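Participant: Right, I'll just put the structure down here and ask away after.
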Ligand code: SF4
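Numbering (the working numbering), first residue to last: 878 to 1262.
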């Protein structure tokens, strides 16, 4: 396979709102089941340990015919497209959906899903906001045990400690490869265009983790064969796009406007846990402590003891970012409520920033191109303070 073919393959997976690869995976062996999960973070290891396929759901750029009728106009777009996918039958191949507790919109969506798809498994996964092991930790253990029990009943496969440890090992490997690509992009961004990295991450939403890991390895090897010129672009840290994803054209536009994206929060669930989850001992406890101790900083997570924006400034320094782009989905409460505090922090650190909002079905990029192009030029002309 050559690089372009691999990227085309990922793009076809990304564009396929009928999830044909998931259908094919199920059809390949009778009795196979697939479980959808919404952004941002769900411990996919538990789904995998039951032999079922975790399928990341991230809405999609499509014509909304019925999805709008379920929501008021002033909320983000992803619940509408998710409903549209559901009522149009495109998610019929799923045997259940897990809704992690990110925000009220996802909570409401989980309730609606229960009412609309009564014959399917539906789980609201209450992720803890208290990070003390004997409080949030104990709660989370119970929550994961309950989810594992549900999935076990649905699949008929027991989530043994050994099976879960093996799943953890596979996902650790996968995360390590994703992180290595992020590191390479930060070091030599001309070699790893963000559009490609993003498509690779999205492929991980629908492929079995074993297959996705192989894909990442192949991509990494093919990068060494690609000759890509280094451009005089500015280095940008992009933040705010952790749940509803921007259209591919928007990411491409930012890059073409002269920005190397050296850090971002796209498909954040795939990198939610910083570093490997322990691969020995009590597997469930390992997932819990990894969540409590090494979750990535995000607007959907309560931060008690650190100033807001500290991790963004750190990421900017670590990746040698020259500026920050706040790029959030319109009406995304978590992202937009955090943004003023984050902006204050980067401003105090002398890091320039700009901001705009998008929707997953945004079709016009000219204004964003001009804005990011101007921002990039200004970084080149005047740099950081
Ligand atoms: S885009 Fe923001 S507001 Fe909308 S569901 Fe996601 S986190 Fe919630």
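Just so you know, even glycine gets a beta-carbon here, dropped at the ideal spot from N, CA and C.
Since the model is a prediction, treat every value here as computed from it, not as a measurement.
Just to confirm before moving on: does the CB-CB distance between residue 1121 and residue 1206 stay below 8 Å?
Facilitator: Cβ atoms of residue 1121 and residue 1206: closer than 8 Å.
Participant: Does residue 1262 come out as helix, strand or coil in the three-state DSSP assignment?
Facilitator: The predicted position of residue 1262 is uncertain, since its pLDDT is 45 and thus under 50; no value can be drawn from it.
Participant: For residue 977, does the count of other Cβ atoms within 10 angstroms reach 16, so buried, or fall short, so exposed?
Facilitator: Residue 977 is buried by the Cβ-count criterion.
Participant: Of the choices 1260, 1142, 1194 and 1135, whose alpha-carbon is the least far from that of residue 1246?
Facilitator: The candidate whose alpha carbon is nearest that of residue 1246 is 1135.
Participant: In the stretch 921-972, which residue ranges form an unbroken alpha helix (DSSP H) of at least 4 residues, counting only runs that do not cross its ends?
Facilitator: You should have 921-926 and 955-964.
Participant: For residue 998, which three-state DSSP category applies?
Facilitator: Here residue 998 sits in strand by DSSP.
Participant: Taking DSSP as the reference, what is the three-state secondary structure of residue 1121?
Facilitator: Three-state result, residue 1121: coil.
Participant: Below 7 Å, is the gap between the Cβ of residue 975 and the nearest heavy atom of the ligand SF4?
Facilitator: It does not: the Cβ of residue 975 is nowhere closer than 7 Å to a heavy atom of the ligand SF4.
Participant: Less than 6 Å between C-beta atoms, sequence neighbours within five positions excluded: which residues of the same chain meet that for residue 873?
Facilitator: It is not possible to answer for residue 873, since the shown part of the chain is limited to 878 through 1262.
Participant: Does the stretch 1211-1221 touch the stretch 1186-1193, meaning 3 or more C-beta pairs lie closer than 8 Å?
Facilitator: Taking 8 Å as the limit for Cβ pairs, the verdict is that the stretch 1211-1221 does touch the stretch 1186-1193.
Participant: Where does residue 1128 sit, in a helix, a strand or coil, going by DSSP?
Facilitator: Of the three classes helix, strand and coil, the one that applies to residue 1128 here is helix, per DSSP.
Participant: Is the stretch 1002-1019 in contact with the stretch 1059-1072, if contact means three or more CB pairs nearer than 8 Å?
Facilitator: Because the criterion of three Cβ pairs below 8 Å is not met, the stretch 1002-1019 and the stretch 1059-1072 do not touch.
Participant: Bridge partners for residue 1205 per DSSP, in chain order?
Facilitator: Beta-bridge pairing links residue 1205 to 1234.
Participant: Can you find the residues in the same chain that come closer than 6 Å, C-beta to C-beta, to residue 1262, ignoring five residues on each side of it along the sequence?
Facilitator: With a pLDDT of only 45 at residue 1262, under 50, the local geometry of the prediction cannot be trusted, and the value read off the model is given with reservation. Excluding sequence neighbours, residue 1262 sits near 1227.
Participant: Is residue 980 near the ligand SF4, going by C-beta to nearest heavy atom under 7 Å?
Facilitator: Yes, the Cβ of residue 980 comes within 7 Å of a heavy atom of the ligand SF4.
Participant: Does the pairing of the stretch 926-945 with the stretch 989-1009 give three or more beta-carbon distances under 8 Å?
Facilitator: Flag = no, the stretch 926-945 and the stretch 989-1009 do not touch.
Participant: Buried or exposed: which applies to residue 892, given that a residue is buried once 16 or more other Cβ atoms fall within 10 Å of its Cβ?
Facilitator: It is exposed - the Cβ of residue 892 has fewer than 16 other Cβ atoms within 10 Å.
Participant: Does the ligand SF4 have a heavy atom nearer than 7 Å to the CB of residue 1124?
Facilitator: No, Cβ of residue 1124 sits at least 7 Å from all heavy atoms of the ligand SF4.
Participant: Grab me the residues of residue 1053's own chain with a C-beta within less than 6 Å of its C-beta, minus the 5 sequence neighbours each way, in chain order.
Facilitator: No residues qualify anywhere along the chain.
Participant: Quick one: what does DSSP say residue 1164 is sitting in, helix, strand or coil?
Facilitator: Helix.
Participant: Given that a residue counts as buried once 16 or more other Cβ atoms are within 10 Å of its Cβ, and exposed if not, what is residue 982?
Facilitator: Label assigned to residue 982: buried.
Participant: What would DSSP say about residue 1198, mapped onto helix, strand or coil?
Facilitator: Of the three classes helix, strand and coil, the one that applies to residue 1198 here is coil, per DSSP.
Participant: When the Cα of residue 1110 is compared with those of 1066, 1081, 1099 and 908, which residue comes out closest?
Facilitator: Looking at the Cα atoms, 1066 is the closest of the given residues.
Participant: Can you name, in chain order, every residue of its own chain whose Cβ lies under 8 Å from the Cβ of residue 1230, other than the five neighbours on each side?
Facilitator: If we look at residue 1230 and ignore the five residues flanking it on each side, its Cβ neighbours are 1200, 1201, 1202, 1203, 1220, 1223 and 1224.
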